[in-house]
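The listed protein sequences correspond, in order, to chains A and B. Per this note's numbering, the first sequence starts with residue -4, numbered consecutively. Per this note's numbering, the second sequence starts with residue -4, numbered consecutively.
There are 2 protein chains.
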Amino acid sequence: MVPGMGDHVDKDLIAEAKRNWDRRGWDASTAMAAATSITRAHQIVLARINQGLAPFGLTFSRYEALVLISLSRQGALPMGKIGERLQVHPTSVTNTINRLDSDGLVTKEAHPTDGRATLATITTKGREVVDDATAAMGAIRFGLSDIDDATAHQITDTLGVLRSAAGDF
Amino acid sequence: MVPGMGDHVDKDLIAEAKRNWDRRGWDASTAMAAATSITRAHQIVLARINQGLAPFGLTFSRYEALVLISLSRQGALPMGKIGERLQVHPTSVTNTINRLDSDGLVTKEAHPTDGRATLATITTKGREVVDDATAAMGAIRFGLSDIDDATAHQITDTLGVLRSAAGDF
DNA sequence: AGAATTTACTAGGACATCCAACTAGTTTTA
DNA sequence: TAAAACTAGTTGGATGTCCTAGTAAATTCT
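Here it is, written out as structure tokens:
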């Protein structure tokens, strides 16, 4: 599936790493395995999502921003609000929105009342693209088409414990 | 915890996004929530791990590579083997090892029997650093110190379903 | 043996993310 | 109201990841 980096493996490399860790009597092997699992899951899912979005000229981050804007009442959001909702750094928002802008999917406009703020407004083309992309994401179930809803729920719930402990909610 | 991008949120942004999704009758909201949760969990854990490794001049990817080499019998591994084990692209390995090399933690040497291959060999300094870093990781439990082992196990298991379905093992 | 194919790694480029520092506009304070 | 403090975004820089393409060496095939 991913060329050039050793496809099919057959054995669980994370479980093997954990055994190595335990064998040496090292601490936190359980946490290490969980952290590594999260990293790997992220890598797998992100790759699939980006692959599914490529035909629309989008990446996951750009897609997320575009959806967020499209769901707002005015079809426009201040940059800061976007970073807040997507939980990313302001500079990432600038980067993402600039690209959506140059692709003609949003426009950057001055905020009517706050001279410091910039509004990212979705364009007609942006709405078309995001609708098509959303349909595509539904079709591939965000890269999780090979696991069922019960498992997906479980992933959300279990990681919710982590997120909650980290202050996410 | 992460400055500049809207700290403390109070409400679960992912759950809220899922409700929005459902309200519009869009498909795959469960998968969307799971994918987003994975992304966010990855962001949280990676940030903590990197913060914990910073004092040693390491990042998670460089740390992973260094550990892998340190655990090998010879204290040396071909570049390709590293990418295979860590499941990353060959160019990422080159990047990672080059940095470890310039930091004096590994050396790149010609493979004794295969003229194409390059061996990354850990140095004495590399062993010292990786040992210290591993102790630090144990102390912060790879960024998961605020969840218990049972939850960590559950994360590994649940994501294991995903990884297995994706052909990881 | 010699040609064709495969394998190992690197160079250059596209993206995404974060941090530090800077500009400009807004709000608070004295 | 003028100065101080804060907020919104951007620029420049460092990392990491992947892809495409290209070089060199090993293996396979005829």
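Note that beta-carbon positions come from the ideal geometry of N, C-alpha and C, so glycine has one too. For clarity, every value in this text was computed on a predicted model and none was experimentally measured.
Following the DSSP letters along the chain, one finds lysine 103 of chain A inside the beta strand (DSSP E) bounded by residues 101 to 105.
The CB of asparagine 15 of chain A comes closer than 7 Å to the CB of Leu66 in chain B, given here in chain order.
Annotated as proximal: threonine 151 of chain A and alanine 29 of chain B, with beta-carbon spacing under 7 Å. For aspartate 127 of chain B and glycine 121 of chain B, the gap between their C-alpha atoms comes out near 10 Å. In the DSSP assignment, the residues bridged to leucine 72 of chain B are B:Ala115. Listed along chain B, the residues sitting closer than 8 Å to threonine 153 of chain A by beta-carbon distance are Thr146, Gln149, Ile150, Thr153.
By the Cβ-count criterion, arginine 80 of chain A is buried, with 16 or more other Cβ atoms from all chains shown falling within 10 Å of its own Cβ. Threonine 91 of chain B places its beta carbon less than 7 Å from that of alanine 60 of chain B. Cβ-Cβ separation between isoleucine 135 of chain B and glycine 47 of chain B: approximately 5 Å, consistent with a contact (criterion under 8 Å). A buried status is given to glycine 78 of chain A, since no fewer than 16 other beta-carbon atoms sit within 10 Å of its beta-carbon. Excluding the 5 residues flanking it on each side, threonine 113 of chain B has same chain C-beta neighbours closer than 6 Å at Met74, Lys103, in chain order.
Boundaries of the alpha helix (DSSP H) around leucine 157 of chain A: 144 to 160. Under the three-state reduction of DSSP, glycine 133 of chain A is assigned to helix. Along the region 119 to 145 of chain A, the positions whose C-beta sits under 7 Å from a C-beta of chain B are Thr129, Met132, Gly133, Arg136, Phe137, Gly138, Leu139, Asp141, Ile142, Asp144, read in chain order. Contact annotation: the region 130 to 150 of chain B touches the region 21 to 41 of chain A, with at least three C-beta pairs closer than 8 Å.
Where alanine 42 of chain B is concerned, the enclosing alpha helix (DSSP H) starts and stops at 24 to 48. Per DSSP, tryptophan 16 of chain A is one residue of the alpha helix (DSSP H) stretching across 8 to 18. Here the alpha carbon of valine 101 of chain B sits roughly 20 Å from the alpha carbon of glutamine 82 of chain B. A residue is called buried once 16 or more other Cβ atoms fall within 10 Å of its Cβ, and glycine 155 of chain A is buried on that count. Close to glutamine 46 of chain A, with beta-carbon spacing below 9 Å, lies no residue of chain B; the smallest spacing is near 13 Å. Closest option to serine 65 of chain A, judged by alpha-carbon separation, among B:Asp141, B:Leu157, B:Asp163, B:Ala12: B:Ala12. For the region 70 to 90 of chain B, the set of positions with a beta-carbon nearer than 7 Å to some beta-carbon of chain A reads Gly78, Glu79, Arg80, Gln82, Val83, His84, Pro85 in chain order. Runs of the alpha helix (DSSP H) lying entirely within the region 73 to 98 of chain B and spanning at least 4 residues, in chain order: 74 to 81, 85 to 97. Here DSSP, grouped into helix, strand and coil, assigns leucine 53 of chain B to coil. Of the residues A:Met27, A:Ile142, A:His84, A:Arg43, the one whose Cα lies closest to the Cα of aspartate 143 of chain B is A:Met27. C-alpha of leucine 72 of chain A to C-alpha of valine 40 of chain A: approximately 27 Å in a straight line. Leaving aside the five residues that flank valine 125 of chain A on each side, the residues in its chain whose CB is nearer than 7 Å to its CB run, in chain order, Leu61, Val62, Ser65.
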